[in-house]
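See structure below.
Below, the structure is given as structure tokens:
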């Protein structure tokens, strides 16, 4: 037992960091980091813990701190609160049973604690298949709901429950806060990358890095080496030139003087009838990840490594949209100027497409705009009787106060897509997973 008072009881796994709010009303489960220095919020400094408590009570915890954490607390008026940080890799599901709020990171444990048999909600299954990669508050188990990244709930017995968002991505997309100087932008992004890697990867441990030939994992490798962290790289390759990026991975490993293992996934081994993460209350885990997960886990275990580092979310964070959205934003912000032409050619080069086609698409997108709730339904291989023309229910972000630029809408959509896919690694059940590019300070800077 981690915490107990007359209204709140908390049990926790020994593998998670647990810290108590200094006023004695609750706990913080997971990793919390200081905003402006690469250090943990809870440590030898008692005053820092008091500041975390004050920030939480004041409703601005994620303005001063960040990390992958969940706060469980009771208020003096009898209300129970549960807050999940933006980009949190710890799941949080809940049930209200018999006038009691039950919260757990695992649905099997949740149902056992609530003494409720599992029951499939088939309407929710259909919604999750149609709007895949979109976190919804309702899960595919009847009565089980999720506290999503950047969301909090307040519960007052016996059944009064209110959910709200405590992190708003749209305030970082307003034109008045945009960083327009390229040199300043590069320096800020570089600084946040190093700060976030330094905070999430403490010294004295050995980390297994998923290293491909892409930019995202190479950035993490370079940042880890700069911060003096010990990493072992693991890269995957398949037959044929398209799936073989070993030369890129070898170049990175050689340049940074880090060890490298190479694995070849067997395309015959993934089982489409097997769920890699069956305890999740929704259809999830891409089938091809089964084999890369297996190999990576074996290679890391052979070296006694218990933490993996992955570049999940890099394309979204760094706005590699494969879209005309950035050029459309430039057109809306700068008008038909040389800046727009330069943006078109840069986007065309990055996406390896015709600049004229991309330019026309940018003009149309800039003129029409893009609504923040416009999430494309995926009805491939599904029955035509399913309601794929409806809007997705329960969006995982708050509505913007002002109409955002179309490219910024796509940028935000990509980030929430990445949040959803943090659950796609079976290794997470046996190893701690760290996703440095999905760090709140870095995300806010890139927005």
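Residue numbers (my numbering): 1354 to 1800. Even for Gly, the Cβ is constructed at its ideal location relative to N, Cα and C.
Minimum C-alpha distance to residue i - residue among the options
i: residue 1400; options: 1515, 1416, 1714, 1376; result: 1376
i: residue 1622; options: 1605, 1657, 1646, 1630; result: 1646
i: residue 1610; options: 1585, 1393, 1447; result: 1585
i: residue 1781; options: 1736, 1717, 1633; result: 1633
i: residue 1769; options: 1562, 1783, 1787, 1800; result: 1800
i: residue 1529; options: 1788, 1755, 1459, 1790; result: 1755
i: residue 1565; options: 1559, 1558, 1557, 1574; result: 1574
i: residue 1501; options: 1771, 1660, 1671; result: 1771
i: residue 1370; options: 1381, 1738, 1361; result: 1381
i: residue 1556; options: 1660, 1428, 1725, 1682; result: 1660
i: residue 1511; options: 1671, 1450, 1520; result: 1450
i: residue 1422; options: 1395, 1617, 1431; result: 1395
i: residue 1453; options: 1627, 1783, 1508, 1425; result: 1508
i: residue 1616; options: 1441, 1505, 1599; result: 1599
i: residue 1356; options: 1373, 1368, 1366; result: 1373
i: residue 1366; options: 1797, 1785, 1654; result: 1785
i: residue 1682; options: 1648, 1545, 1526, 1388; result: 1526
i: residue 1428; options: 1393, 1358, 1418; result: 1358
i: residue 1426; options: 1436, 1534, 1537; result: 1436
i: residue 1389; options: 1424, 1545, 1534; result: 1545
i: residue 1563; options: 1753, 1733, 1648; result: 1648
i: residue 1757; options: 1733, 1533, 1718, 1486; result: 1718
i: residue 1642; options: 1656, 1733, 1655, 1627; result: 1627
i: residue 1482; options: 1783, 1601, 1733; result: 1733
i: residue 1783; options: 1737, 1654, 1798; result: 1654
Contacting residues, own chain, Cβ-Cβ under 6 Å from residue i (five flanking each side not counted)
i: residue 1552; result: 1386, 1391
i: residue 1496; result: 1448
i: residue 1407; result: none
i: residue 1763; result: 1674, 1676, 1678
i: residue 1765; result: 1522
i: residue 1518; result: 1503, 1504, 1751
C-beta atoms of residue i and residue j nearer than 9 Å
i: residue 1523; j: residue 1746; result: no
i: residue 1759; j: residue 1488; result: no
i: residue 1571; j: residue 1605; result: yes
i: residue 1503; j: residue 1547; result: no
i: residue 1438; j: residue 1415; result: yes
i: residue 1613; j: residue 1588; result: yes
i: residue 1779; j: residue 1650; result: yes
i: residue 1480; j: residue 1433; result: no
i: residue 1379; j: residue 1363; result: yes
i: residue 1662; j: residue 1726; result: no
i: residue 1791; j: residue 1686; result: no
i: residue 1665; j: residue 1788; result: yes
i: residue 1505; j: residue 1513; result: no
i: residue 1794; j: residue 1441; result: no
i: residue 1639; j: residue 1777; result: yes
i: residue 1539; j: residue 1582; result: no
For residue j and residue i, the rounded distance between their alpha carbons
i: residue 1735; j: residue 1471; result: 25 Å
i: residue 1675; j: residue 1568; result: 15 Å
i: residue 1630; j: residue 1412; result: 34 Å
i: residue 1590; j: residue 1494; result: 37 Å
i: residue 1702; j: residue 1668; result: 16 Å
i: residue 1463; j: residue 1455; result: 7 Å
i: residue 1652; j: residue 1691; result: 50 Å
i: residue 1620; j: residue 1644; result: 8 Å
i: residue 1671; j: residue 1775; result: 17 Å
i: residue 1716; j: residue 1723; result: 13 Å
i: residue 1520; j: residue 1466; result: 30 Å
i: residue 1430; j: residue 1410; result: 13 Å
i: residue 1384; j: residue 1720; result: 43 Å
i: residue 1688; j: residue 1402; result: 49 Å
i: residue 1695; j: residue 1684; result: 11 Å
i: residue 1739; j: residue 1637; result: 19 Å
i: residue 1753; j: residue 1424; result: 25 Å
i: residue 1420; j: residue 1368; result: 16 Å
i: residue 1607; j: residue 1656; result: 19 Å
Own chain residues within Cβ distance below 7 Å of residue i, not counting five before or after
i: residue 1700; result: 1677, 1679, 1680, 1711
i: residue 1458; result: 1443, 1444, 1445
i: residue 1697; result: 1680, 1708, 1711, 1712, 1715
i: residue 1603; result: 1613
i: residue 1761; result: 1526, 1682
i: residue 1693; result: 1680, 1683, 1684, 1687
i: residue 1618; result: 1589, 1591, 1644, 1645, 1648
Same chain only: Cβ atoms within 8 Å of residue i, ignoring 5 sequence neighbours per side
i: residue 1484; result: 1728, 1730, 1731, 1745
i: residue 1492; result: 1446, 1460, 1474, 1477, 1498, 1499, 1634, 1635
Near the ligand SAM: residue i beta-carbon under 8 Å from a heavy atom
i: residue 1450; result: The ligand SAM is not among the ligands present in this structure, which contains no ligands whatsoever.
Residue-level contact to chain C via CB, residue i, 9 Å cutoff
i: residue 1405; result: Going by chain labels, chain C is absent from the structure shown, which holds only one protein chain.
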